[in-house]
Amino acid sequence: MKHKYNHKEIEAKWQARWDKDRIYTPDISAAKNPFYNLWMFPYPSAEGLHAGHAFASTGSDVFGRFMRMHGHDVFQPIGYDSFGIHSENYAIKVGEAPSVMLQRTTVNYERQLRSLGHGYDWTRTVTTSHPDYYVWTQWLFVQLFKSGLAYRREASVNWCPSCKTVLADEQVIDGKCERCGTVVEKKSLAQWFFRITDYADRLLDNLDGIEWTEKVKQAQKQWIGRAEGLSIHFAVQNSTPISVWTRYWETIFGATFLVVSPEYLIEHFSSVASAESLRYAQHALEKTADERRTSKEKTGEDTGIRATNPVTQEVIPVWVADYVIEGVGTGAVMGVPSHDTRDFDFAKKYGLALVQVISYPDPEINEAVKSGNRASEQPGTLMNSGEFNGLDSAQEGKDQMRAWLIKQGLSEVTTHYHLRDWLISRQRYWGAPIPMIYCETCAKNEKGWLTENESLLHKNHDDWGAAGWYPVSEDDLPVLLPDVEDYKPKGDGRGPLASHKDFYETTCPACGGAATRETDVCDTFLDSSWYFLRYPSTDSVTNKTEPFDAKVTKEWLPVNLYFGGAEHSVLHLMYARFVTQVLFDLKHVPFEEPFPHFYAHGLMIKDGAKMSKSRGNVVNPDTYIDKFGADTMRLYLMFMGPMDGSPDFRDTGIEGMERFTNRVWDLMQTYDRGVHPEDVTKVISKMHQTVKKVTEGMHVFHYNTAIASIMEYVNTLKEVRPGDSTDAWNDALKTLTLLLAPFAPHLSDEVWHTLLRNDHTVHTTTWPLFDESLIVNDTVTIAIQVNGKLRSQIVIPSAEGLNESFVVEKARADEATQKWVTHDPKKTIFVPNKLVNFVI
RNA sequence: GCCGAUGUGGUGGAAUGGUAGACACGCACGCCUUAAGAGCGUGUGGGAGCAAUCCCGUGUGGGUUCGAGUCCCACCUUCGGCACCA
Numbered sequence: 020m021k022h023k024y025n026h027k028e029i030e031a032k033w034q035a036r037w038d039k040d041r042i043y044t045p046d047i048s049a050a051k052n053p054f055y056n057l058w059m060f061p062y063p064s065a066e067g068l069h070a071g072h073a074f075a076s077t078g079s080d081v082f083g084r085f086m087r088m089h090g091h092d093v094f095q096p097i098g099y100d101s102f103g104i105h106s107e108n109y110a111i112k113v114g115e116a117p118s119v120m121l122q123r124t125t126v127n128y129e130r131q132l133r134s135l136g137h138g139y140d141w142t143r144t145v146t147t148s149h150p151d152y153y154v155w156t157q158w159l160f161v162q163l164f165k166s167g168l169a170y171r172r173e174a175s176v177n178w179c180p181s182c183k184t185v186l187a188d189e190q191v192i193d194g195k196c197e198r199c200g201t202v203v204e205k206k207s208l209a210q211w212f213f214r215i216t217d218y219a220d221r222l223l224d225n226l227d228g229i230e231w232t233e234k235v236k237q238a239q240k241q242w243i244g245r246a247e248g249l250s251i252h253f254a255v256q257n258s259t260p261i262s263v264w265t266r267y268w269e270t271i272f273g274a275t276f277l278v279v280s281p282e283y284l285i286e287h288f289s290s291v292a293s294a295e296s297l298r299y300a301q302h303a304l305e306k307t308a309d310e311r312r313t314s315k316e317k318t319g320e321d322t323g324i325r326a327t328n329p330v331t332q333e334v335i336p337v338w339v340a341d342y343v344i345e346g347v348g349t350g351a352v353m354g355v356p357s358h359d360t361r362d363f364d365f366a367k368k369y370g371l372a373l374v375q376v377i378s379y380p381d382p383e384i385n386e387a388v389k390s391g392n393r394a395s396e397q398p399g400t401l402m403n404s405g406e407f408n409g410l411d412s413a414q415e416g417k418d419q420m421r422a423w424l425i426k427q428g429l430s431e432v433t434t435h436y437h438l439r440d441w442l443i444s445r446q447r448y449w450g451a452p453i454p455m456i457y458c459e460t461c462a463k464n465e466k467g468w469l470t471e472n473e474s475l476l477h478k479n480h481d482d483w484g485a486a487g488w489y490p491v492s493e494d495d496l497p498v499l500l501p502d503v504e505d506y507k508p509k510g511d512g513r514g515p516l517a518s519h520k521d522f523y524e525t526t527c528p529a530c531g532g533a534a535t536r537e538t539d540v541c542d543t544f545l546d547s548s549w550y551f552l553r554y555p556s557t558d559s560v561t562n563k564t565e566p567f568d569a570k571v572t573k574e575w576l577p578v579n580l581y582f583g584g585a586e587h588s589v590l591h592l593m594y595a596r597f598v599t600q601v602l603f604d605l606k607h608v609p610f611e612e613p614f615p616h617f618y619a620h621g622l623m624i625k626d627g628a629k630m631s632k633s634r635g636n637v638v639n640p641d642t643y644i645d646k647f648g649a650d651t652m653r654l655y656l657m658f659m660g661p662m663d664g665s666p667d668f669r670d671t672g673i674e675g676m677e678r679f680t681n682r683v684w685d686l687m688q689t690y691d692r693g694v695h696p697e698d699v700t701k702v703i704s705k706m707h708q709t710v711k712k713v714t715e716g717m718h719v720f721h722y723n724t725a726i727a728s729i730m731e732y733v734n735t736l737k738e739v740r741p742g743d744s745t746d747a748w749n750d751a752l753k754t755l756t757l758l759l760a761p762f763a764p765h766l767s768d769e770v771w772h773t774l775l776r777n778d779h780t781v782h783t784t785t786w787p788l789f790d791e792s793l794i795v796n797d798t799v800t801i802a803i804q805v806n807g808k809l810r811s812q813i814v815i816p817s818a819e820g821l822n823e824s825f826v827v828e829k830a831r832a833d834e835a836t837q838k839w840v841t842h843d844p845k846k847t848i849f850v851p852n853k854l855v856n857f858v859i
């Protein structure tokens, strides 16, 4: 090979040139054909981007470039999700202020992202920890508060003893902190919540109308967890009735006891329950959620309370047990040992009654339920709930049973959700201060913003914690996060800002008296719940007075393609949808769904394992870009496998791709060389075939097969004999350059200008079209099968490919075939242009 | 337990029901070179055979079909999500 691609020189040159010519900076207000191409913005970690980020961001960039070559005004912004525990924890570790560390890490991120040659619009970036941005995060909080969707209540919440802050349910993975992996504890604190549960139905139902991978939709559906069941009321002697919630109401005849959660017992029956059971409940509350979750053995205590089964009129005992979880259902369950394995275990251990279902009150229902209820037919046999669920024949009985229970006034239909309200407060420093003010005087007078004003959306809220609370006036935003020395979390349930009088001392917006600011800060997921709205408006003249420009937003949103990791299925994506729906209801945006098309890319692995610092298998893209160049790196990343897979990064693989890059570069030097007249058809046919395959691959993010067909094309061109058909050859190389442009943007633009002698960038040049009719070659190979097994092949002129009698006759005449087909076949199958199958 | 995926050479991975393993990596041999590297060329699913060629092969077992990696039924593996969910 004579010529080698000099990546260092060429890539630096083009990155500077693109910047200067602003080819990735669309005219936001005048764009005719907008395409908003968004990659989930990273949090700028101290370690910088790893190869997995490069894989994902390149996948997004390739598509943006593809769209740009289709005449779209592609807007591809980038920014930093810079607030949050992750950044702060690292700052604490290295003993540096988060804001100081951030300056260094963002510079590094920008350098890395630029070195990959991505087509970002660097004139419109977003940094969530900048006051210009978080002023609007605080504004958003105020809107939610005024809508009645933000409220404050004392609650038992997830507490991470290492991060020393509370966490949202979504941020607890297997009982551990999503950020640091520490086992999460329960703690009772007064906290701000968002009423995302108000939007549960819409969040669920809208999923049907958006183009997301099934996997991610399923994850959201499960997380929302809508389930219809019945609330059934059990009268309690000398006390308030107990309501249980169940989806298996037809088993109520077998309910021989009730079990309540420790929380339930203390809240409702502390005066009537047995001392032993109360002690048990108190003790149970001290256990961590994880301890309760993982203990196999069920424990409990008889409360001494007696309830009545509303259907059988049987008096049954009420027990307390920590396997019943507060917040699931009503916190009380009916124990049906004949139908549920957990109830069976419990009943067995404590000697509770186990009764089989003997009869039903209505003969018709009796029959219907019985038909699906094997337990009733085989007394003494335990039927577990799983087995019962699988029986379709029981459905009709269940439906009738429900109608009967409701008619008798014993129960009502209740829908339960797994989704909980979004806990926003963080007792930390590095976040947007929650823009609320508490006035003790007003609180005493039962006054507060929500008691004096009508909320905008959530009308029938109970005013938990509303007294005394006022939002910071929008004119006074932002509430600036002060620079403080002692930003470390103290762990006493209050954030570091609570030690700073000059921060929290203020005056009441209502009465003018002394008041205090909220000292907790917002969850980082609030920062990222609306950032996509900000990008197109960053340079708008109105951005000092509005979070985003209405006209620009109407033009550019919702996001055309959102590219990101599936690990955000139930966190970021759910929050962003919720916030967008609220903004829609408040008429700030004209759409309900921010990401009508979300593509979930896979997670890159290295040596068969997930990349992680502890495994020591994190691939830093810098070394590879330095050694092989961004284009070779990009090509390799995209060639490893489909975007939704989990490709394994291997050094030998990128070396192979370097050979390809050099082969292409070498081939490009032959521009004007020409092609042998006898090879012209071959070249043209392969060219159109390649354009077709690449184009199709791009649309479905199968970049690996797109690159594979480009490789085939290059292999073909290398075999072609030189000659005097210059146009055909030059056309072939021109097409090759265009097809490579999204993957290898630097090399392509260099070739495009210096060798192919164009004076405009390749990246806004129109993507090549293919002509199906030109893909056809002079000849076509027909496979010959005998009884479905391949036995021979024949080559025939393409013109005869559809001619059945011609092809079959040729096939019968084939020597190898005659060995297998000795007499007339029973049947002959002919597939045009493909094969002939003789059945003998 | 429930939900969703997944399973193809030594490896990454290709295949609108129609020639399984495209394209690469790796490996082997050869050319070039004083040599190494780079580059170029040839071969490379398993088995039998000097060879032409034949047999077997897409997690397992059945089925549909002229023809199944692909469709249907049952099961297994691995990976993700949810979960003492009442």
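Just so you know, the working numbering puts 346 at position 327 of the first sequence, and the rest follows in order with no gaps.
A virtual CB, placed ideally from N, CA and C, is assigned to each residue, including glycine.
Any non-hydrogen atom of the ligand ADP within 7 Å of residue i CB
i, result
"W178", "As far as ligands go, the structure on display features none, and thus does not contain the ligand ADP."
According to DSSP, residues forming a beta bridge with residue i
i, result
"T57", "It should be pointed out that residue 57 corresponds to Leu in this sequence rather than to Thr. Beta-bridge pairing links L57 to Y581."
"A462", "According to DSSP, A462 bridges with nothing at all."
"H252", "S262"
"L809", "Q804"
"W441", "F213"
"L854", "A802, V850"
Option in the options with minimal Cα separation from residue i
i, options, result
"Y690", "P609, A65, L775", "L775"
"E677", "L469, E295, M730, K838", "M730"
"Y436", "R245, A422, K463", "R245"
"V683", "T700, A300, A763", "A763"
"L602", "S76, V161, R84, K195", "V161"
"R266", "E828, Q332, K23, V352", "V352"
Contacting residues, own chain, Cβ-Cβ under 7 Å from residue i (five flanking each side not counted)
i, result
"Y550", "F60, G98, V145, T147"
"L809", "A802"
"W771", "T756, N777, V781"
"H72", "P61"
Separation of residue j from residue i, as counted between CA atoms
i, j, result
"K646", "P117", "33 Å"
"S811", "S134", "52 Å"
"R447", "S767", "48 Å"
"W468", "W211", "15 Å"
"R653", "T724", "14 Å"
"T543", "Y506", "17 Å"
"Y655", "G672", "7 Å"
"L284", "W338", "9 Å"
"E173", "L304", "16 Å"
"S390", "K417", "Its pLDDT being 42, under 50, S390 is placed unreliably by the model, and the measurement read from it follows with that caveat. Those two C-alpha atoms are separated by around 11 Å."
"D604", "L476", "8 Å"
"Y109", "A65", "8 Å"
"K51", "T700", "39 Å"
"V850", "N734", "29 Å"
"T270", "N328", "12 Å"
"A238", "D220", "15 Å"
"F489", "P501", "Looking at the sequence provided, one finds Tyr at residue 489 rather than Phe. Straight-line Cα distance between these residues: approximately 21 Å."
Own chain, CB closer than 6 Å to residue i, minus 5 neighbours either side, in chain order
i, result
"S258", "V291"
"F9", "Here the chain has residues from 20 to 859 only, and residue 9 is not among them."
"T44", "D140, T142"
"L516", "F522, T538"
Nonlocal neighbours in the same chain, by C-beta distance under 8 Å from residue i, ignoring five residues either side
i, result
"L576", "Y55, F551, L552, P555, V608, F610, P613"
Output the residue ranges of the alpha helix (DSSP H) runs that lie fully inside the segment 287-369 and measure 4 residues or longer, sorted by chain position.
Runs found: 294-305, 308-313, 360-369.
Which ranges would you report for the alpha helix (DSSP H) in the segment 85-131 if only whole runs of at least 4 residues count?
At a cut-off of 4 residues, the continuous stretches assigned as alpha helix (DSSP H) that sit fully inside the segment 85-131 are 104-113.
Every unbroken alpha helix (DSSP H) within the segment 729-780, with a cutoff of 4 residues, ordered by chain:
The qualifying runs are 745-759, 764-769.
Let me know the alpha helix (DSSP H) ranges lying completely inside the segment 541-609, each 4 residues or longer, listed in chain order.
The qualifying runs are 543-546, 550-553, 569-575, 591-604.
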